[in-house]
Amino acid sequence: MSKIKKEQISAKGFSIKVYTEDFKNDYISLTDIAKYKNSDNPRFVIQNWMRNRNTLEFIGLWEVLNNPNFNRV
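If you read the sequence shown in this note's numbering, its first letter stands for residue 864, the second for the next number, and so on.
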C-alpha cells in the first residue's frame, strides 16, 4: 500500500495542501485554491469551474490521453 505524504505551500497568504503518493503522483487541493475566491463557500467556485466548457474539454482531452479505457459516451 502506498503512503501519502501531505505538505503545504503558501500562495498569496493562503495555505494549499499538496498530497504526494510515493513521489509518483502529486495532488493539489482545489478546495484550498477556491478559498482564495470564496473562503466561506469554496464549493461554489468549484461547481462553476466544473460547468465551464473549457474545463470539460480539458478534462475530456486529459482522459483521452491518459485513460485507455475512457468511454466518451
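Yeah, the Cβ is synthetic: ideal placement off N, Cα and C, and Gly gets one too.
All values reported here derive from a predicted model rather than from experimental measurement.
query: Is LYS880 closer than 8 Å to ASP903 when the C-beta atoms are compared?
result: Against the sequence shown, residue 903 aligns to sequence position 40. Against the sequence shown, residue 880 aligns to sequence position 17. It is not a contact, given that the beta carbons lie outside the stated cut-off.
task: Give the single residue among TRP925, ASN888 and LYS898 whose Cα lies nearest to the Cα of LYS869.
output: Looking up residue 869 in the sequence shown gives position 6. Considering only alpha carbons, the answer is ASN888.
message: Comparing C-alpha positions only, which one of LYS898, LEU893 and VAL927 sits nearest to PHE821?
response: What the structure shows of the chain is the stretch from 864 to 936, and residue 821 is not part of that stretch, so it cannot be assessed.
query: In angstroms, rounded to a whole number, what distance separates the CA positions of ARG916 and ASN932?
result: Looking up residue 916 in the sequence shown gives position 53. Looking up residue 932 in the sequence shown gives position 69. Their backbone Cα atoms lie some 23 Å apart in a straight line.
Close-in-space but distant-in-sequence residues of the same chain around TRP912 (CB under 7 Å, 5 per side omitted): Walking along the sequence shown from the start, residue 912 turns up at place 49. So the qualifying residues of the chain are THR918.
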